[in-house]
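Colleague:
In the numbering used here, the protein residues as written are -17 to 770.
#1: Let me make sure I understand the geometry here. Which of 729, 515, 542 and 428 has the alpha-carbon closest to that of residue 444?
#2: Taking 8 Å as the threshold, find out whether the region 674 to 692 comes into contact with the region 564 to 582 through three or more Cβ pairs.
#3: By a C-beta neighbour count over all protein chains shown, 10 Å radius and 16 as the cutoff for buried, is residue 647 buried or exposed?
#4: Within the continuous alpha helix (DSSP H) that includes residue 92, where are the two ends?
#5: For the pair the region 697 to 707 and the region 41 to 55, tell me if three or more CB-CB distances fall below 8 Å.
#6: Between which residues of its own chain and residue -6 is the CB-CB distance below 6 Å, once the five residues before and five after are set aside?
#7: If I follow the unbroken beta strand (DSSP E) through residue 527, where does it start and stop?
#8: Would you kindly check if the distance between the Cβ of residue 446 and the Cβ of residue 338 is under 8 Å?
#9: Identify every run of the alpha helix (DSSP H) within the region 117 to 158, keeping only runs that are complete inside it and at least 4 residues long; order them along the chain.
#10: Just how far apart, CA to CA, sit residue -9 and residue 176?
#11: Is the beta carbon of residue 199 sitting closer than 8 Å to the one on residue 513?
#12: Taking 7 Å as the limit between beta carbons, can you name the residues of its chain near residue 316, skipping five residues before and five after?
#13: Excluding sequence positions up to five away, which residues of its chain have a Cβ less than 8 Å from the Cβ of residue 111?
#14: Buried or exposed: where does residue 388 fall if 16 or more other Cβ atoms within 10 Å of its Cβ makes it buried?
#15: Taking the C-alpha atoms as reference points, what is the distance between residue 77 and residue 43?
#16: Could you pull out every residue in the same chain whose Cβ sits closer than 7 Å to the Cβ of residue 428, ignoring the five residues on either side in sequence?
#17: Sort 500, 261, 66 and 217 by Cα distance to residue 461 and report the nearest one.
#18: When DSSP labels each residue in this structure, what does residue 753 get in the three-state scheme?
#19: Taking only the alpha-carbon atoms, compute the straight-line gap between residue 90 and residue 268 and give it to the nearest angstrom.
#20: With three or more C-beta pairs closer than 8 Å as the rule, is the region 456 to 474 touching the region 305 to 321?
#21: Excluding the five sequence neighbours on either side, which residues of its own chain have a C-beta within less than 6 Å of the C-beta of residue 748, listed in chain order?
#22: Pick from 54, 55 and 117: whose alpha carbon is nearest that of residue 686?
#23: Spatial neighbours of residue 237 within its chain, please: CB distance less than 8 Å, with the 5 preceding and 5 following residues excluded, ordered by chain position.
#24: Taking the C-alpha atoms as reference points, what is the distance between residue 758 and residue 484?
#25: Applying the 10 Å Cβ sphere with the 16-neighbour rule, what's the burial state of residue 735?
#26: DSSP has residue 758 in a bridge; who is on the other side?
#27: Taking Cβ to Cβ, would you say residue 741 is nearer than 8 Å to residue 694?
#28: Suppose you measure from the CA of residue 562 to the CA of residue 623; what does that come to, to the nearest Å?
#29: Between residue 345 and the rest of its own chain, which residues show a CB-CB distance below 6 Å, the 5 nearest in sequence each way excluded?
#30: What's the gap between the Cα of residue 706 and the Cα of residue 64?
#31: Using 8 Å as the cut-off, can you tell me whether the region 230 to 247 makes contact with the region 158 to 168, which would need three or more C-beta pairs spanning the two stretches below that distance?
#32: Go to residue 4, then tell me how far its alpha helix (DSSP H) extends in each direction, as first and last residue.
#33: Would you say the region 551 to 562 touches the region 531 to 539, given that touching needs at least three Cβ pairs under 8 Å?
#34: Ignoring anything shorter than 3 residues or poking outside the region 553 to 620, list the beta strand (DSSP E) runs there in chain order.
#35: List the endpoints of the continuous beta strand (DSSP E) containing residue 288.
#36: From the DSSP output, in three-state form, read off residue 335 for me.
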């Protein structure tokens, strides 16, 4: 946004710049229809973990490290050693004895710098931060509503709409904030003019602004992040909006209202607070100890991964596979792939990002909306839609409109009472069926189709196969397996879907790729380009349900598959499902032998139908043979890659700049929800109420809760996601990896600043080198000292 067209003083322009910088440090959040994982530390990725931890402690009271109690348990279990802790302490410039002693003390609580609302709460005894969260949440839930409300809020700019709401809101006055409505009416309608006026009335200096404005934005909870997410989406289209800035101005208005109402009691503490906000970001001793303990745990986990991979059952000279099965790199695919390989040695599995290289915008049946079935980092450049007649589409539209009208009738203010009294008993059967988890699986949509001319289809297919490192030695049957999660009564259901498909299931992408690679015209074109797919090879799409561990094949593609190969695949899938369910049931509460796993997804009362991606901690970019036979415990993203087939290392660059970043977002989102659930987590599922169709309240109002629910992280006794750094392991020459990093400074910063670790694997599957401070260190050599 530009402010220079307004006649603001130079100091005010500096405050505007501080606001822009602040908002760039707020992570985006997306709606429930596509709950894509986001790195909560995205705005701090250019800082070291220690500096970011210091900043977030001051602006949000957030932890960024595993609790000391958890690390003490890992030490007792042998997952790290006292030597690991001593080495990390020395590297951080700390006394090893002091760090080891601190491990057995309670985790410190970090208190954020105060806002005026915090000061007013202390002076008056009224919980003003909670009241502000409630009133902002009530307004924002209506303003951002996406169709949940029967009566939509008037459209308009966010600040102007809030001002119209606030000048009629009597609640603050009833709680002691006298003259609030008149105060709101006195504010300019333009957010920029209001910002200038409000910061002036606060006496906010340019020195105090960066941390204070960041503190205010974080106090808005998920509302600031959701507004930032809308801005992120517009940015991908080359557009800009001021929503996040206007939310910040709204929060500023509350600060000024409190200061002016209680000036006699707040002037002195506010003057002291302004001075505190100018203090530099110097980490406390507790923070330095916590980061050293985290580093020790991370390094120990890297060592354990290296030892596991060294035991891989690599089979050189193995016979050509009867079946190849391409799965998403999602960590939930790893146990199923391992089970499938054990069920039938004739099956070779491969890993690839679950959108299968098709950045599509898909229009489903009876819909005018196109859903992005690709990672949020990519712009969708290909369109697809279901292949149905206009008549069939119209019939589906009419049926859905009737369903929506019936639903609105049942919920309307007047008719709802008569409806429940008259028709309620008729719903007993449906209620009983839901209670007994007898819901049926959703019927798949009709076959999708790509809207592309033949030359572009050929080029797209070639790029996908190159990126998949699958350009020769095709098996007679190749399964393209997307994944999804069939769950009931779960607001965060999209968080269990395929992150590479924008929070949707991977069925559309899998079916489109199978259809594309079965196309005779595409195959002929690929052959001219050096990729010869044998005439007898057939591509078949399927969908892996990560709740039930059942993999269903789409029947529209089975007719052309030879019966023998189809029967072999179906038998192997059935065995693999049973093996995977039995193993996974051991980690799920009340899962029994695993036979009940399919039922969990249909049970509307089930809090933990599955663990999602909890536990993720490694991204391995290598041929499957380098990890085959290793039990990675459903904690590793597995991406097939053969650097010898990658002329110019363009595929390596694509993997490190897209899937590697996406997996880091996933791992860091789980880490943030585990270490600072009050800031980056969605709270307790039992208390959730959906608001506006975009997110959840924990209770009846307040902050929009983003991130992952408590039940996705914790089993009631302990964390099920260990907050550990994601290890990126790449089987490629270190020179090629370094070249990619040098061309992408933002990617390089993730490794240089300690957010991710980077290790190189040799041809034997051994991790031989670790990237540290811009250079490679042999794994057996002492680590270089990392600068804070």
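The C-beta atom is built at its ideal place from N, Cα and C for all residues, glycine as well.
Modeller: Looking at the coordinates:
#1: 515
#2: no
#3: Taking all protein chains in view, the Cβ of residue 647 is crowded by 16 or more other Cβ atoms within 10 Å, so the residue is classified as buried.
#4: From DSSP, residue 92 is part of no alpha helix (DSSP H); its letter is neither H nor E.
#5: yes
#6: 178
#7: 520 to 527
#8: yes
#9: 140 to 148 and 153 to 156
#10: Across the structure, residue -9 and residue 176 are spaced so that their CA atoms are roughly 14 Å apart.
#11: No, the Cβ-Cβ distance between residue 199 and residue 513 is not below 8 Å.
#12: Cβ neighbours of residue 316 beyond the five flanking positions: 614, 616, 618 and 620.
#13: 97, 99, 100, 103 and 201
#14: Any reading at residue 388 needs caution, since the residue's pLDDT is 49, under 50, leaving its predicted position unreliable; the model's value is listed next. Residue 388 comes out exposed.
#15: Taking the straight line from one Cα to the other gives about 26 Å.
#16: 347, 368, 369 and 370
#17: 500
#18: strand
#19: 7 Å
#20: yes
#21: 292
#22: 117
#23: Within the same chain, Cβ atoms closer than 8 Å to the Cβ of residue 237 are found at 97, 98, 99, 180, 184 and 198, the five residues on either side in sequence being excluded.
#24: Their Cα atoms are separated by approximately 35 Å.
#25: Buried, by the Cβ-count rule.
#26: 753
#27: Cβ distance not < 8 Å, so residue 741 and residue 694 don't count as in contact.
#28: Between the alpha carbons of residue 562 and residue 623 lies a distance of about 25 Å.
#29: Excluding sequence neighbours, residue 345 sits near 352 and 367.
#30: Residue 706 and residue 64: Cα-Cα distance of roughly 18 Å.
#31: yes
#32: -8 to 6
#33: yes
#34: 600 to 603
#35: Here residue 288 belongs to no beta strand (DSSP E); instead the alpha helix (DSSP H) covers 267 to 292.
#36: Three-state DSSP puts residue 335 in coil, outside helix and strand.
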